[in-house]
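J.:
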Amino acid sequence: DPYSGDPPRHPALQVNSLKPFNAEPPAELLTENYLTPNQLFFKRNHLPVPAVDAASYRLQVEGPGGRVLALSLPELKRRFPKHEVTVTLQCAGNRRSEMSRVRQVKGLEWGVAAISTARWGGVRLRDVLAHAGYREEEGEAGEQHVCFEGLDKDLSGVAYGASIPYRTAMGRGADVLLAYEMNGEELPRDHGYPLRVVVPGVVGARNVKWLGRVSVSPEESPSHWQQNDYKGFSPAVDWDTVDFTTAPAIQELPVQSAITDPAPGATVPPGELTVKGYAWSGGGRGVVRVDVSLDGGRTWRVAELTGEEQQPGRAWAWRLWQLTAPVPPGATELDIVCKAVDASYNVQPDTVEPIWNLRGVLSNAWHRVTVTLAE
Ligand code: MTE
Ligand code: MO
Numbered sequence: 140d141p142y143s144g145d146p147p148r149h150p151a152l153q154v155n156s157l158k159p160f161n162a163e164p165p166a167e168l169l170t171e172n173y174l175t176p177n178q179l180f181f182k183r184n185h186l187p188v189p190a191v192d193a194a195s196y197r198l199q200v201e202g203p204g205g206r207v208l209a210l211s212l213p214e215l216k217r218r219f220p221k222h223e224v225t226v227t228l229q230c231a232g233n234r235r236s237e238m239s240r241v242r243q244v245k246g247l248e249w250g251v252a253a254i255s256t257a258r259w260g261g262v263r264l265r266d267v268l269a270h271a272g273y274r275e276e277e278g279e280a281g282e283q284h285v286c287f288e289g290l291d292k293d294l295s296g297v298a299y300g301a302s303i304p305y306r307t308a309m310g311r312g313a314d315v316l317l318a319y320e321m322n323g324e325e326l327p328r329d330h331g332y333p334l335r336v337v338v339p340g341v342v343g344a345r346n347v348k349w350l351g352r353v354s355v356s357p358e359e360s361p362s363h364w365q366q367n368d369y370k371g372f373s374p375a376v377d378w379d380t381v382d383f384t385t386a387p388a389i390q391e392l393p394v395q396s397a398i399t400d401p402a403p404g405a406t407v408p409p410g411e412l413t414v415k416g417y418a419w420s421g422g423g424r425g426v427v428r429v430d431v432s433l434d435g436g437r438t439w440r441v442a443e444l445t446g447e448e449q450q451p452g453r454a455w456a457w458r459l460w461q462l463t464a465p466v467p468p469g470a471t472e473l474d475i476v477c478k479a480v481d482a483s484y485n486v487q488p489d490t491v492e493p494i495w496n497l498r499g500v501l502s503n504a505w506h507r508v509t510v511t512l513a514e
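Going by the working numbering, the sequence shown opens with residue 140, and the numbers climb by one from there.
#1: Is the beta carbon of Val191 less than 8 Å from the beta carbon of Val267?
#2: I'd like to know whether the C-beta atoms of Val251 and Arg234 end up nearer to each other than 8 Å.
#3: Just confirm the distance between the C-beta atoms of Glu231 and Gly410, as a whole number of angstroms; I'd bet it's less than 8 Å.
#4: Closer than 8 Å is the cut-off here; do at least three beta carbon pairs connect the segment 410–430 with the segment 458–471?
#5: Can we count Ala269 as close to the ligand MO, meaning its CB is less than 7 Å from some heavy atom?
#6: Is the CB-CB distance between Val427 and Trp419 below 8 Å?
#7: What distance in whole Å lies between the Cβ atoms of Leu350 and Val337, which are believed to be in contact at a cut-off of 8 Å?
#8: Starting from the N-terminal end, write out each residue whose C-beta falls within a distance shorter than 6 Å of any non-hydrogen atom of the ligand MO.
#9: Relative to the C-alpha of Leu334, which candidate in Asp314, Leu326 and Gly340 has its C-alpha closest?
#10: Along the chain, where does the alpha helix (DSSP H) containing Thr471 start, and where does it finish?
#11: Tell me the rounded alpha-carbon separation between Tyr369 and Arg498.
#12: Roughly how many angstroms lie between the CA atoms of Glu492 and Thr511, to the nearest whole one?
#13: Where does His506 sit, in a helix, a strand or coil, going by DSSP?
#14: In the DSSP assignment, find the beta strand (DSSP E) that holds Leu210 and state where it starts and stops.
#15: Assign Gln243 to one of three DSSP states: helix, strand, or coil.
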């Protein structure tokens with residue numbers, strides 16, 4: 140069993156797949172803390188968790204002209220300044236199960252909690268690439284990509300891989316990290332021990348764990364996950380007609396929000412109701428507002444944003460939100476809805492149907508939770 144060496148996991152996690160291990164925390168727990176505790180942070184693995192020996196570990200960094208640097212962990216920590224950033228990671232498949240309810244899609248049936256936030260500590264990718272001989276301007280001479288390879292491999296020896304545009308990694312003020320710490324602790328095995336990429340504002344899939352190699356290329360990563368997965372398509376495209384070369388790989392994610400409390404189907408007392416959730420947008424676009432409705436979207440109230448305020452253009456982490464409102468008298472059921480607005484005034488679509496896609500990614504319609512009122 141290639142999975143027999145996987146680490147132990149928290150029993151509260153809701154498991155979507157055991158081998159490889161994929162799990163999310165219960166939604167109500169997700170928004171208990173601004174920073175998600177490591178044990179509850181959603182876990183998305185495509186392959187067995189590799190056993191990496193930190194003492195013999197070397198990060199390979201391919202420089203211009205093909206010269207390869209091999210950096211040990213102590214060297215990385217000694218040579219480059221430590222940098223910490225609070226970043227929300229979201230899987231492209233977060234909320235996929237809602238898409239499957241419209242029409243079956245292919246993929247893990249994630250609920251609303253394939254998203255989590257941590258304070259990551261490590262070195263800037265930009266500093267490491269500069270040390271290898273790259274300059275910021277290099278990205279201007281045609282499109283370039285920074286490619287990452289993981290140390291996790293499938294049975295035929297193919298590693299997980301992904302890439303990001305050169306400017307995302309090397310731009311002034313770029314906060315892309317090679318992280319060795321998560322919430323002040325050593326990076327846990329499930330999250331990429333001993334070193335992972337953290338790309339703020341970008342889909343989870345590009346945040347390569349168990350990082351083995353970094354290179355710069357005029358082409359995107361040749362990996363299956365860059366080329367033939369994690370792309371968005373029209374609802375008109377099915378598995379017989381899909382051509383993965385026609386769509387760009389997902390990088391920045393669209394504006395997202397969801398209700399984490401109350402749970403769908405819960406019975407709530409009459410009087411006042413408190414609704415809680417999270418909101419986030421990709422590309423460093425901050426969340427400027429969350430609207431909540433208790434009557435299916437006919438009337439709205441503005442929720443209170445909590446958690447850390449984010450820097451404009453560098454809003455890498457989510458806001459939590461809550462709303463306490465009187466329950467409409469006479470109601471027997473409440474159709475609670477939330478929707479967020481980001482700094483570019485992007486909004487979430489009201490329904491799933493027009494954004495349905497065969498892979499079930501980018502699922503960010505208004506989130507709806509129906510609850511019953513106690514007598
Ligand atoms: N990196 C490697 N090496 N192998 C993987 O399977 N999964 C990716 C990404 N990085 C993956 C990986 C995907 S799809 C997501 S959503 C994030 O890791 C999940 O990160 P987490 O498990 O730390 O939450
Ligand atoms: Mo993902």
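C-beta atoms are modelled at their ideal positions from N, C-alpha and C, and glycine is treated no differently.
T.: If we stick to the structure as given:
#1: As a working note, residue 191 is residue 52 in the sequence shown. As a working note, residue 267 is residue 128 in the sequence shown. Cβ atoms of Val191 and Val267: not closer than 8 Å.
#2: The sequence position of residue 251 within the sequence shown is 112, counting from 1. The sequence position of residue 234 within the sequence shown is 95, counting from 1. Yes, they are a contact pair.
#3: The residue given as residue 231 occupies position 92 in the sequence shown. The residue given as residue 410 occupies position 271 in the sequence shown. Looking at the sequence itself, residue 231 is Ala, so the reference to Glu does not match. At roughly 40 Å, the Cβ-Cβ gap does not stay under 8 Å, so Ala231 and Gly410 are not in contact.
#4: The count of Cβ pairs closer than 8 Å, one atom from the segment 410–430 and one from the segment 458–471, reaches three, so the stretches are in contact.
#5: Within the sequence shown, numbered from 1, the residue matching residue 269 stands at position 130. For Ala269, the CB stays at least 7 Å from every heavy atom of the ligand MO.
#6: Walking along the sequence shown from the start, residue 427 turns up at place 288. Walking along the sequence shown from the start, residue 419 turns up at place 280. Not a contact, by the Cβ cut-off of 8 Å.
#7: Here residue 337 refers to the residue found at position 198 when the sequence shown is read from its first residue. Here residue 350 refers to the residue found at position 211 when the sequence shown is read from its first residue. No, Val337 and Leu350 are not in contact; Cβ-Cβ is about 10 Å, not under 8 Å.
#8: Ordered along the chain, residues surrounding the ligand MO are Arg183, Cys230, Ala231, Gly232, Gly343 and Ala344 [Cβ under 6 Å from any heavy atom].
#9: The residue labelled residue 334 in the question sits at position 195 within the sequence shown. Leu334 has its Cα closest to that of Leu326, out of Asp314, Leu326 and Gly340.
#10: Taking the sequence shown and counting its residues from 1, the one referred to as residue 471 is at position 332. No alpha helix (DSSP H) holds Thr471; DSSP gives it neither H nor E.
#11: Sequence index remark: in the sequence shown, residue 369 carries index 230 (1-based). Sequence index remark: in the sequence shown, residue 498 carries index 359 (1-based). The straight-line gap from Cα to Cα measures roughly 8 Å.
#12: Along the sequence shown, read from residue 1 onward, the residue named residue 492 stands at position 353. Along the sequence shown, read from residue 1 onward, the residue named residue 511 stands at position 372. When only Cα atoms are considered, Glu492 and Thr511 end up about 26 Å apart.
#13: As a first step, residue 506 must be located in the sequence shown, where it is residue number 367. When secondary structure is reduced to three states using DSSP, His506 falls in the strand class.
#14: Locating residue 210 in the sequence shown gives position 71, where the first residue counts as 1. Its beta strand (DSSP E) spans residues Val207 to Leu210.
#15: Here residue 243 refers to the residue found at position 104 of the sequence shown. Coil, per DSSP.
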